[in-house]
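Colleague: Here it is, the structure, as structure tokens.
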Amino acid sequence: MAEAVTFGIFAIVALAGAVTMLVAKNPVYSAVGLLSAMFALAVMYILLDAHLVAMVQVIIYAGAVMTLFLFVIMLIGVDNPNAYGPRPVSQSIVTWVVAGVFFAAIVLAGSGAWVTGSAAFGTADLNGTIENVADEMFGTWTIVFLSTVMLLTIAAVGTIALAYFTGADDDEAAA
Amino acid sequence: MSDIVTVDWYLILAAALFAIGVAGVLIRRNALVMFMSIELMLNSVNLTFVAVSKELGLIEGQVAALFVMVVAAAEVTVGLAIIVAIFRLRASANVDELAELKG
Amino acid sequence: MTDWLWLLVALPLLGALVNLFFGRRLGEPASGWLALIVVVASFLIGAAASVGFFTGDELPETVYLFEWIPILGVDAAILWDPLSALLTLIVTGVGSLIHLFSIGYMHGDERFPRYFSFLNLFIASMLILVLAANYAVMFVGWELVGLSSYLLISFWFTKPAAAAAGKKAFIVNRIGDWGFLIALMIIFATFGTFDFETIFAEAPLMFGVGSGTITAITLLLFVGAAGKSAQIPLYVWLPDAMEGPTPVSALIHAATMVTAGVFMIARSAVLYELAPASGVVVAVVGTATALLAAVIAVAQTDIKRVLAYSTISQLGYMVLAVGAGAYSAGMFHLTTHAIFKALLFLGAGSVIHALAGEQNMFKMGGLRKPMPITWITMAAGWLAIVGIVPFAGFWSKDEILFAVFNRGDGWLILWLLGLVVALLTAFYMTRLFVLTFVGKPRWDDGVEPHESPPSMTIPLIVLAVLALGLGAWNTPFRLSFEHFLEPSFEGVPHPEGASTSEFVIFAGLVLVIAIIGLAAAWWRYTRDPLPAEDGSFWRNALAGFHVDDFYGRTIVAPGKAIATWSSEVFDRKVIDGVAEGTARGIRDAGSGTSALQTGQVRWYAAGMAIAGILVIVFFLFIGGAF
Amino acid sequence: MENAAFLPVAFEVVLLVGALVVLLVAVVADRDRRWWGPVAGLSFALAGAVGFLQWREVEETGGGLFFSSLDVPVFRSPMVVLDGYSAFAAMLLAVVGFVGLLAAWDLVVKVGKRGPEFVVLVLLAFAGLHMMTATPNLVVIFIGLETASIAFYVLAGFVRTSEASKEAALKYFLLGSLASALFLYGVALVFGATGSLSIYGANSIRNFFSTVIVAEPGILLAGMALMLVGLAFKVTAAPFHQWAPDVYQGAPTGAVGLMSAGIKVAAFAAIGRIFIGGFISQIDAWGPIVAVIAALSMIVGTFLALVQDDIKRLLAYSGVAHAGYILTALVAGVQGIGPMWFYLATYSLMVVGAFAVVSTVAGPDAGRAPLADFGGLAKANPELGWLMSSLVLGMAGIPFFAGFVGKVLSFTAAASVENPWPAGDNGYLWLVVLGTLTTVIGLAFYLRIISTMFTGQEPELQTEATLPIRFAVVISAVVTVVFGIVPWPLIDVVRDALPL
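Protein chains in written order, with our numbering: chain A, 20 to 194; chain B, 907 to 1009; chain C, 4 to 629; chain D, 5 to 504.
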């Protein structure tokens, strides 16, 4: 029962945060909305016994990623909502219809059974402790773990290429 | 897992969050908020992974969620760099103004 | 040795590619030398591989390279026999000399490396053609030769005449190719293969002499041959092709490309033997071409055009020979002609070079003194083509006429016409020689003729020596050329031989006729270097008897008229009504859809989302989830 | 199998090492000499050699599944797969990367000191692309996809001063991330439906389908649909193509060729691996939808290409149509894999070559490239005109060019299978007929390019190509012509390039 209550509360928090993100005029509020949704999801992970994921969710997402977002919002300034002008009603209608139909389609698809996979290979009472995750991560997934070095290198190099150099480094600027 | 809150609820919540993310991409004109919506979508996918992982007793789902976070972090870095670079050129994050290329 | 034969083609191809890419970096002389080296290497490989044929120790061999079109059973393979060896040696041998000559001739041209790239490509294509072991590969070579000659003729494409000449050569050759292509289809339908060996083995078993199928095939093949080898009525491209650089004229129009048709007929000798009617057609067309071209050549004033028409005329001889079944005589004339005509063209090139581009013979004269080497070597070429003992042309031309005479009956008419051509040949070549080298200088003021550089004169000397000595390869006293080619014409009946004494009588006759022609011209043009040549004959012959004009009126103009009519009447009425409507509908559909392409990211995202939902619903529907 | 532990991942390792060498040396070394070009070229050459070794290994041993380089034995699902499919992808990607880099060299020169960053991004992107083809694990496919995509977002926005480039980058980024998210959601749903992330192995999707009959396939179908949407976006199949023209037009011309060719090769390979390798038993569900997407792509691509005045947009729409032709092969299931590879191998090089020519004429860092600028190209530089013509004819599918063979193979495959929906035993004949029709209509815009080049009167354009570009163009033109005339060697090879 306690779990049901916890789930109910944080599901509402997550949805409220998401909707806040969606409707807030000011991007800072959007960021805060997303942040609360992420915290709510971290709680969900704990409910699902995924402790490491919950922890990383808080550290990486709520901590690093959202900080980066807020930082960029501060950097480029919160723009004036009026600058965007009124949004055509048709756009709102289309958006809500699309989102609604999408949700309905998924729910409809899952209405029979949400999880049909076989549990033959599973562990009966899975506990996502650091140890269990590490066994998997540094066992089967080692090579994948190593391959993320490419992703991170690209992120670093790409950011440098886009933002770090001054225009004078280019041939076209020098010419 | 208790009998009251089945995996279905988590997955429906994830679908709802994903749909809100889709709505955000369609309706928000601020590139940053569009991008936040995409992050929300990735989060809802993670919830799906973790919930299925618990249901089936397969730890892969949690590992996958962790990898998704790595990917998202890399994506955020580059995405924000692009937005900043655009902002330097035209001092606006309104994507509706970026429609020079069309036809 | 035959394992290395693929290099024959690969080397020039490589040279072409390297020059295409790095030509500019290699710079002027280097790219030319590179092109020369690969062709010389090909020549050496060819020579080494054909030693066995000269000694008579080696038998023809098919070298399999790779599977090309398995569905049709076509392999890329080389047929290495004396015939292809001979052509290989001519193409690469004369080709090397022409490369060498070009290094001097093209000096200073801004697209120097490109020129050598094309030249190498030409050599490679020609080798594909002659080495082919089946009609399909031969056709590829055939087309590539057409392409590279087009590139070379219009090399100076900024000159409108050159561009037009290239186009003309291309179109006329397409007509010939059309014949070849249809012949190929019939061949495949009949024999189920393109392979020479199989076809030539099966044809005599499947068909009797005079069979309709074989006659059709051979006649259609001849249409192709007429296009490449410039026979009536498709010869018109060749004189115009003189707009290309002179070494190109020598290469294409003397030594190699134009011989492709003759070679193809010789290669298909077995089929032609089964179709005597085709042989007659071939021989008659050849004779007519030889005669017409010789008459036109008499009146030309441009030195290169004289040589061009002379080439057509000599090709007529070769075609006459193969039509008469005297394949080795035809091939022998092809060989000697390649040598002496290349020599004459290069000599003419040397003269034109010296006179800063002047091509009108009436503005030459007296070049003997400033250009001693060119003069002497040209003299060798001149005597060879006229047919004076012991120059090469004498032996090969006599052999053809003798073979034709030996067929008897109606062939005697062709023989007589052949004699007339010999007379005319002697006349116009002497005219050319006298007007160019003898008499007083008539060149424009300010032109200082000078001898050409060694890279140009060395090829001349080599060719002159060959023009003098090559005849010894096949004299009635020692028929080593015929023996050399024998393995290639196995199963083809030999024309009847005659005694040596008979031959001497006929040879004497031809020689006398040649000397008459020579003397007449010498007399006429040394006396008065500028005779009044403005009678109606001269005017008409100079204009090539207005054949181009005739084609223009009968074929091109009606074609254009039909095109105009269809564009003005047909198009406006019908196309406007139907096709244009459809086209407009299509375009409108395009524009209508392109209006969806607003450039708005969110619009695209909405499109994606909606389409994605449709895909999901579609999936659920088809997958039976509902 | 001595080197088996290393060989399956050697392609990625070689490119990663190359990238790190460039990156680390660039920190300390002189950035004026452009030594990174040879390093990157060498990396691609080595990667191609690795691909060849992998191919040999597969021929000898049949390849196999690998967990990680440590090869600990207790795993449920493998991470790396070595088969003809991944080995061929390795060879093809190495060639595309090499030629693409040649074609992009003008741009690398132009971006000056940022050259090393460009090269590193290209190398890592191609490593990511190969990851997509050489893994049975859906999450790893996603990671590879993102590795390549993120690098390409940066490449699209590489020209700092150009608004078009930035607009392209942002559009590509936002829409691409959306597509990735959809794909990933599909992976998660499939995970729920099958209990597996892997196509092969003990606990695998194939194993699941062979042992279980899915009574409630809803989630499975939705997952497959979302994965298809994500990948269809990457291969620019309609109606998920709208980003492509804008991004191609705005991105620096020099980089467009390798971006579009690379992502197409890998994303199609991923579609083949997932849907034919994993979901072949569900072909009755996905086949008709792929056919509809193929049909839409052919129609939309062809008709919109007709009205373009910018050659980059035109090529983008032509790419949409080509995506349709390749998908046409895939509806045939396993039989379609060979045709898909043939088409990809030839088409990817044609694209790279064509964009190399565009990059010469319009400038490597340019955004827009009006078709009118090509006027008189063939007169000013006949060789470039001829080469470009042969590439365009190849794309148009004229006989004796590789594109024709590719189309024939693809159509033959589609016509030979049973059409499940609407049921009928006459194959996807309607799709083949449609493909033939759009091919004919498509001639109009391909010939328009050629006639513009041969008739226009504007000799002031840049027509002299640099050496790397000439190389790239000639390699691709030679491939187009050679495999148009002698396609059998390649057909024989792709016949063996099958997934496990």
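Glycine residues also receive a C-beta, built at the ideal position from the N, C-alpha and C atoms.
Under 7 Å between beta-carbons, which chain A residues line up against Val3 (chain C)? List them in chain order, please.
Modeller: Here chain C comprises residues numbered 4 to 629, so residue 3 (chain C) is not present and cannot be evaluated.
Colleague: Using a Cβ-Cβ cut-off of 8 Å, state whether Lys960 (chain B) counts as contacting chain A.
Modeller: By this cut-off, Lys960 (chain B) is an interface position.
Colleague: Looking at C-alpha atoms only, which residue of C:Lys171, C:Tyr138, C:Met141 and C:Leu134 is the closest neighbour of Ser152 (chain C)?
Modeller: Nearest C-alpha to Ser152 (chain C): C:Lys171.
Colleague: Suppose you measure from the CA of Leu2 (chain D) to the CA of Phe244 (chain D); what does that come to, to the nearest Å?
Modeller: What the structure shows of chain D is the stretch from 5 to 504, and residue 2 (chain D) is not part of that stretch, so it cannot be assessed.
Colleague: Grab me the residues of Ala241 (chain D)'s own chain with a C-beta within less than 8 Å of its C-beta, minus the 5 sequence neighbours each way, in chain order.
Modeller: The answer, listed in chain order, is Ile297, Ala298, Leu300, Ser301, Val324, Ala327, Gly328 and Leu331.
Colleague: Could you tell me the distance, in whole angstroms, from the CA atom of Leu71 (chain A) to the CA atom of Ala971 (chain B)?
Modeller: Roughly 10 Å between the two C-alpha positions.
Colleague: Can you find a CB in chain D that lies within less than 8 Å of the CB of Leu145 (chain A)?
Modeller: Not one chain D Cβ lies under 8 Å of Leu145 (chain A).
Colleague: Within 8 Å (strictly less), CB to CB, does Gly439 (chain D) reach chain A?
Modeller: Not closer than 8 Å to any Cβ of chain A, the Cβ of Gly439 (chain D) fails to qualify, so no.
Colleague: Would you please verify whether the beta carbon of Asp377 (chain D) is less than 8 Å from any beta carbon of chain B?
Modeller: Asp377 (chain D) does not count as touching chain B.
Colleague: DSSP on Val485 (chain D), reduced to helix/strand/coil?
Modeller: Here Val485 (chain D) sits in helix by DSSP.
Colleague: Quick one: what's got a C-beta closer than 8 Å to Val389 (chain C)'s C-beta in the same chain, skipping five residues either side?
Modeller: Excluding positions up to five away in sequence, the list reads Gly396, Thr428, Ala429, Met432, Thr433, Ala517, Gly520 and Leu521.
Colleague: Tell me whether the segment 271-290 of chain D and the segment 406-419 of chain D touch, counting them as touching only if at least three CB pairs, one residue from each stretch, are closer than 8 Å.
Modeller: The segment 271-290 of chain D is not in contact with the segment 406-419 of chain D.
Colleague: If we count Cβ pairs, one from each stretch, closer than 8 Å, do we get three or more for the segment 419-428 of chain C versus the segment 344-359 of chain C?
Modeller: Verdict: no, contact absent.
Colleague: Under the assumption that Phe203 (chain C) contacts Ser331 (chain C) (Cβ atoms under 8 Å), give the Cβ distance between them as a whole number of angstroms.
Modeller: That belief does not hold up - the Cβ atoms of Phe203 (chain C) and Ser331 (chain C) are roughly 17 Å apart, past 8 Å.
Colleague: Whole angstroms is fine: what's the gap from Ala51 (chain D)'s alpha carbon to Tyr238 (chain C)'s?
Modeller: Near 55 Å, if we compare the C-alpha coordinates of Tyr238 (chain C) and Ala51 (chain D).
Colleague: Pull up the distance between the alpha-carbon of Ile125 (chain A) and that of Val191 (chain D), whole angstroms please.
Modeller: One C-alpha to the other measures close to 14 Å.
Colleague: Identify each residue in the segment 247-261 of chain D for which the Cβ-Cβ distance to at least one residue of chain B is less than 7 Å, and report them in chain order.
Modeller: Flagged, chain order: Asp250, Gln253 and Gly254.
Colleague: Pull up the distance between the alpha-carbon of Arg117 (chain C) and that of Asn385 (chain D), whole angstroms please.
Modeller: One C-alpha to the other measures close to 12 Å.
Colleague: Compute the beta-carbon to beta-carbon distance between Gly144 (chain C) and Leu132 (chain C), rounded to the nearest angstrom, for a pair I have assumed lies under 8 Å.
Modeller: At roughly 3 Å, the Cβ-Cβ gap stays under 8 Å, so Gly144 (chain C) and Leu132 (chain C) are in contact.
Colleague: Any beta carbon of chain D sitting closer than 8 Å to that of Ala132 (chain A)?
Modeller: Judged by the 8 Å Cβ criterion, Ala132 (chain A) is in contact with chain D.
Colleague: Straight-line CA distance for Gly368 (chain C) to Trp378 (chain C)?
Modeller: Taking the straight line joining both Cα atoms gives about 11 Å.
Colleague: Rank D:Leu435, D:Glu167, D:Ala129 and D:Thr416 by C-alpha distance to the C-alpha of Thr167 (chain A) and give the top, closest one.
Modeller: Closest by alpha carbon: D:Ala129.
Colleague: Is the segment 151-159 of chain D close to the segment 28-41 of chain D, with three or more CB pairs under 8 Å?
Modeller: Taking 8 Å as the limit for Cβ pairs, the verdict is that the segment 28-41 of chain D does not touch the segment 151-159 of chain D.
Colleague: Mind checking if Leu599 (chain C) is an interface residue toward chain A, Cβ cutoff 8 Å exclusive?
Modeller: Closer than 8 Å: no.
Colleague: Determine, using beta carbons only, whether Ile101 (chain C) and Pro462 (chain C) come nearer to each other than 8 Å.
Modeller: Yes, they are a contact pair.
Colleague: Determine, using beta-carbon pairs with one atom in the segment 945-953 of chain B and one in the segment 181-196 of chain D, whether at least three such pairs fall under 8 Å.
Modeller: Touching, yes, given that three or more Cβ pairs across the two stretches are closer than 8 Å.
Colleague: Can you determine whether any heavy atom of the ligand COA sits closer than 7 Å to the C-beta of Ala299 (chain D), and answer yes or no?
Modeller: The ligand COA is absent from the structure shown, which contains no ligand whatsoever.
Colleague: Starting from Ile72 (chain C), follow its DSSP beta bridges and name the residues at the other end.
Modeller: In the DSSP output, where bridge partners are listed per residue, Ile72 (chain C) has C:Val77.
Colleague: Any C-beta of chain B within less than 8 Å: which residues of the segment 599-614 of chain C qualify?
Modeller: Against chain B - using a Cβ distance shorter than 8 Å - the residues of the segment 599-614 of chain C are Gln600, Thr601, Gly602, Gln603, Val604, Arg605, Ala608, Ala609 and Ala612.
Colleague: Would you report the Cα separation of Leu932 (chain B) and Thr137 (chain D), rounded to the nearest angstrom?
Modeller: Their Cα atoms are separated by approximately 32 Å.
Colleague: I'd like to know whether the C-beta of Glu70 (chain C) is nearer than 8 Å to at least one C-beta of chain D.
Modeller: Yes, contact with chain D.
Colleague: By the DSSP assignment, the beta strand (DSSP E) with Val421 (chain D) in it spans what residues?
Modeller: From DSSP, Val421 (chain D) is part of no beta strand (DSSP E); its letter is neither H nor E.
Colleague: Considering just the uninterrupted stretch of the alpha helix (DSSP H) at Val54 (chain D), what are its terminal residues?
Modeller: Here the alpha helix (DSSP H) through Val54 (chain D) covers Trp40 to Thr65.
Colleague: Hey, how far is the Cα of Phe540 (chain C) from the Cα of Ala296 (chain C)?
Modeller: Phe540 (chain C) and Ala296 (chain C): Cα-Cα distance of roughly 14 Å.
Colleague: So that I know if they touch, is there some Cβ in chain A lying closer than 8 Å to that of Thr198 (chain D)?
Modeller: Yes, Thr198 (chain D) counts as interfacial toward chain A.
Colleague: With a threshold of 8 Å between beta-carbons, can Gly30 (chain C) be considered close to chain D, or not?
Modeller: Not closer than 8 Å to any Cβ of chain D, the Cβ of Gly30 (chain C) fails to qualify, so no.
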